[in-house]
Ligand code: DX5
Ligand code: ZN
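Numbering (the working numbering), first residue to last: 61 to 289.
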C-alpha cells in the first residue's frame, strides 16, 4: 500500500535536518500568530501535540484548533496523537488538515490497523515509541510507516530534560529504516545542545517546543538546532 503524495511536502523523507516546533510551548492565546512566527523563523513542519488526559496525564487541544490553524499556515502539520484509543479520532484529524498522523505503539492492540487507516485517508502515517518501548515494536509495521518518532522524554509535558539513554534506540531505528523512505523524528528535550546528539544518532526531524517558543530569538534557535552555528 502506498500513500498519495501530499501537496505540502513532496520530498520524502525531507533532506537534511528539519525542525518541527511544537505549539504546546506557544502562547495559546495567540496560536495563529505563533504558528506564523515559527514558519518565518525557519520551521520546516509544525508539530501538534494531542493529549487526552488518559494515555498521558495532560490535556491539550483537538481537531477544531487544527482546523482553525490550517487556514493560516502553509507548513506541513505533524500531528502527534497521545490518545487512546486513537482510531475513532483519526478521520477528524485528517479532515481538519493533518499531513502526518502519528500514533503511539503503546496506545492500543491494533497499531497496524491504525497505520492502514491513516494511509487510507491519504495522510502520512507515523508510529511513536515511548522511552520504555523497544525499537523492535516498530519492526512489524516498517512497510506501512512513513515516519518513526522516538520519544526522548516521557510524553505529556513540554520542557522536560532530554533522555540520553534513548540515543542508542535512535541509532537502532536508523539501522532498521535502512533505505526505506521513512522519516526518523525525535521528540522531547531538544535544544541547541542536544540536537547534535540526536542528529548524530540518525534523526532527520527534531521536534522542539520550549527551545523555539521560549527563545529570545526563534530564528537563531532553529538555525542552531539545524546545525548552522
Ligand atoms: C511531549 C510532546 C513534545 C513536547 C516537546 O509529550 O510530545 O512534543 O511538546 O516539548 P519540549 O521541546 O519542550 O521538550
Ligand atoms: Zn510531540
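No residue lacks a Cβ here, since even glycine has one placed at the ideal position from N, Cα and C.
Model, not experiment: these values are computed from the prediction.
Taking its Cβ as the centre, do 16 or more other Cβ atoms sit within 10 Å of residue i, making it buried, or is it exposed?
i: residue 203; result: exposed
i: residue 206; result: buried
i: residue 224; result: exposed
i: residue 76; result: exposed
i: residue 199; result: exposed
i: residue 159; result: buried
i: residue 192; result: exposed
i: residue 16; result: In the structure as shown, the chain starts at 61 and stops at 289, and residue 16 therefore has no counterpart that could be examined.
i: residue 65; result: Confidence at residue 65 is low in this model, with a pLDDT of 43, below 50, so its placement is unreliable and the value that follows should be read with caution. By the 10 Å Cβ count, residue 65 comes out exposed.
i: residue 277; result: exposed
i: residue 90; result: exposed
i: residue 218; result: buried
i: residue 107; result: buried
i: residue 248; result: buried
On the three-state DSSP scale, how would you describe residue i?
i: residue 184; result: strand
i: residue 274; result: coil
i: residue 203; result: coil
i: residue 194; result: coil
i: residue 143; result: coil
i: residue 210; result: strand
i: residue 250; result: coil
i: residue 279; result: helix
i: residue 245; result: strand
i: residue 42; result: There is no way to answer for residue 42, as the model of the chain reaches only from 61 to 289.
i: residue 152; result: helix
i: residue 73; result: coil
i: residue 234; result: helix
i: residue 288; result: coil
i: residue 263; result: coil
i: residue 172; result: helix
i: residue 124; result: helix
i: residue 255; result: helix
i: residue 87; result: coil
i: residue 63; result: With a pLDDT of 47 at residue 63, under the threshold of 50, the modelled position of that residue is not reliable, and the figure given next carries that caveat. Residue state, collapsed to three classes: coil.
i: residue 228; result: helix
i: residue 157; result: coil
i: residue 179; result: helix
Starting from the C-beta of residue i, find all residues in its chain whose C-beta is less than 6 Å away, skip the five residues before and the five after it, and write them out in chain order.
i: residue 124; result: none
According to DSSP, what are the bridge partners of residue i?
i: residue 111; result: 142
i: residue 106; result: 137
i: residue 82; result: 107
i: residue 268; result: 81
i: residue 164; result: 188
i: residue 119; result: 112
So, for residue i: in the same chain, excluding its five sequence neighbours on each side, which residues have a beta-carbon less than 8 Å away from its beta-carbon?
i: residue 156; result: 123, 124, 126, 127 and 130
i: residue 229; result: 189, 194, 195 and 210
i: residue 319; result: This structure leaves residue 319 out entirely; the chain is present only between 61 and 289.
Could you pull out every residue in the same chain whose Cβ sits closer than 7 Å to the Cβ of residue i, ignoring the five residues on either side in sequence?
i: residue 281; result: 252, 271, 272 and 275
i: residue 227; result: 257 and 261
i: residue 62; result: Reliability of the predicted coordinates at residue 62 is poor, the pLDDT of 44 falling under 50, and no value is obtained from them.
i: residue 109; result: 82, 84, 120, 140 and 142
message: Residues around ligand 2, please: the ones whose beta-carbon is closer than 6 Å to some heavy atom of it, in chain order.
response: 82, 107, 109, 140, 247 and 267
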